[in-house]
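Q: For the sequence shown, this note's numbering begins at 246 and goes up steadily by one.
For every residue, glycine included, the Cβ atom is placed at its ideal position computed from N, Cα and C.
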Amino acid sequence: MQKRIGLIVVFTLFLLAVQAQQKLNYPEVDKVSYELFLQGKWVELIDYSKEARRQNIDFFYLQARTGIAYYNLKKYRSASEWFLKAWESDQSFEWLQEYLYYSLLWGGRASEANKLAGSFSPGMQDKISFSAKKITKVGFEAGYTFNPDFETLSAASHGQQAGVGEDYGEAFYLKSYHFESFDLNHRITPGISVNHNLTYVGLNREQRIDWGSGNSFPMKTNQFQYYLNPQFILGKKLNVSPSISAIWGNYELFLGGFTGNQMKMFYNASSSFSDFVFSTSAWSHFGGFSPGAEINLANITDQKFTQLSAWLTVYPFSNLNFYITPRAYFKSSEENGFGYNTFGISGGAQLGPVHFYGQYLSGEMENFIESGGYVVSNFPGISEQKFSGSLYFPTGKKYQLVLRYLSQDVTEKYKVYTNLRESNSVIYNYMKHTLTAGISWNF
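(1) Just to confirm my understanding: we take N440, look at its own chain, exclude 5 residues before and 5 after, and list those with CB closer than 6 Å. What are they?
(2) Which partner residues does E415 have in the DSSP bridge list?
(3) How many whole angstroms separate the CB atoms of I291 and Y315, which I take to be in contact at a CB cut-off of 8 Å?
(4) Is the CB-CB distance between I313 and Y271 below 8 Å?
(5) Is it buried or exposed for N674, if we count other Cβ within 10 angstroms and need 16 for buried?
(6) Select from S356, G414 and P367 the residue whose C-alpha is nearest the C-alpha of R666.
(7) Rounded to the nearest angstrom, what separates S325 and K420 at their Cα positions?
(8) Would DSSP call I672 helix, strand or coil?
(9) Please state whether the Cβ-Cβ distance between F499 and N484 is less than 8 Å.
(10) Between G353 and I627, what straight-line distance do the alpha-carbon atoms span, to the nearest angstrom?
(11) Quick one: using the 10 Å Cβ neighbour count with 16 as the cut-off for buried, is S515 buried or exposed?
(12) Buried or exposed for M510, please, with buried defined as at least 16 other CB atoms from any protein chain shown within 10 angstroms of its CB.
(13) Keeping to the same chain, check which residues put their C-beta closer than 6 Å to that of A297; ignore five residues upstream and five downstream.
(14) What runs of the alpha helix (DSSP H), each 4 residues or longer, lie entirely inside the stretch 299-372?
(15) Following the continuous beta strand (DSSP E) through V599, name the residue where it begins and the one where it ends.
(16) Would you kindly check if the distance between the Cβ of G593 and the Cβ of Y619 is under 8 Å?
(17) Enumerated in chain order, which unbroken segments of the beta strand (DSSP E) with a length of 3 residues or greater are wholly contained in the stretch 488-564?
(18) Taking all protein chains shown into account, do 16 or more other C-beta atoms lie within 10 angstroms of the C-beta of V288, making it buried, or fewer, making it exposed?
(19) Buried or exposed: which applies to K677, given that a residue is buried once 16 or more other Cβ atoms fall within 10 Å of its Cβ?
(20) Assuming Q548 and N612 make a contact with CB atoms under 8 Å, what is their CB distance in whole Å?
(21) Once DSSP output is grouped into helix, strand and coil, what is the label at E289?
(22) Got a sec? Which residues, its chain only, sit under 7 Å from E339 by beta carbon, not counting five neighbours each side?
(23) Where do the ends of the alpha helix (DSSP H) carrying G404 lie?
(24) Would you grab the beta carbon distance between Y472 and G447 for me? Rounded to a whole angstrom, and I think it's under 8 Å.
(25) Compare the C-alpha of G457 against each of Q405, G436 and L443 and name the closest.
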């Protein structure tokens, strides 16, 4: 019994001695953290600062030194949090302004970096080439999409499978399309930027009509899209980004009819269309996480609907070397209201000088909207899976090249009409592949 009591007393004294040894004070923390800073012992400095704060010791230089330690370890998102704390205490130091700007910029928080840069000293603004109003980026991208199953589909006996007989059967087989896209980004104040995009799409399809005999006609669609997207910061770090996409175009197709003596004939008809998407997204940053949400109000192919989505971007290394974003989409329907629609996961990785970005989508994608209304699937058909990958190559200090590949499955229908009403259909599937290349000039 006495031996047990003795052990308890010894253990208690040991804990008191350890606690006494770990008791820190402001002068000591300032001295030790500065020595670790001068020696470049970044991990030790971070651990020591954690212990100091656990004992309720914190001050401007400790925050700044902690930020510099994370910065030198290339953990820019963690660094920016400490630089922001130090910034709240004293905004006069140019070295702090520079550290804060680049930690935000290289941590994926460019909008916040530019907003804060508006309050930097003139000398620092010149050093980082900052201007409150300027064109920030100009880009051009072109792409080509093809359907490797086109010949097989156009030769298929879908009319026979659908039992068209003497009725009217029709299908539109995608052959290819190309697009050209022009981007212009500019800043109008330190905290507000605006993105513009104008895209042209030239779509080639083959129209198949079975009406007494089999007939095939080329079908051309011309589509334009103008995208307007301002972005600004509310408060300290709430990013808000409304956008509007105006989509319009025309196409020509052949229709069946009768002549005066009731003989079957085909005639060319042209039609125009217009769609729109209004989106608003908001997101913020919390260390290694960035949650966000978006709402889209749209009228596509004469269908009005609302689409919601929410996401969470995770930065496991506290920088842009690797990040991943799961995202869930929900869509309105007349029968069931809002319901789950699609799941997506995307991410990026830095591979030396090259940055890779990939995306995978799985769900029921019909009239589907991505990226704040920038990518709109308003072509016929339903897709269940989509994969894309992009490689970004820096060229010099201001230019960047991009190569993309996209693969997407599409389901469409061969439809049979009896007395002008759809009476039967046959489903057919194909894969479309897209290759694009672009260049951007960053000012």
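A: Taking the definition as stated:
(1) N430 and N474
(2) I454 and K660
(3) 7 Å
(4) no
(5) exposed
(6) G414
(7) 50 Å
(8) strand
(9) no
(10) 34 Å
(11) exposed
(12) exposed
(13) L269 and V274
(14) 305-317, 321-334, 339-350, 355-362 and 367-372
(15) V599 to M610
(16) no
(17) 509-528, 534-545 and 548-559
(18) exposed
(19) buried
(20) 6 Å
(21) helix
(22) S366, G368 and M369
(23) H403 to Q406
(24) Actually they are not in contact, since the Cβ atoms of Y472 and G447 sit about 18 Å apart, beyond 8 Å.
(25) Q405
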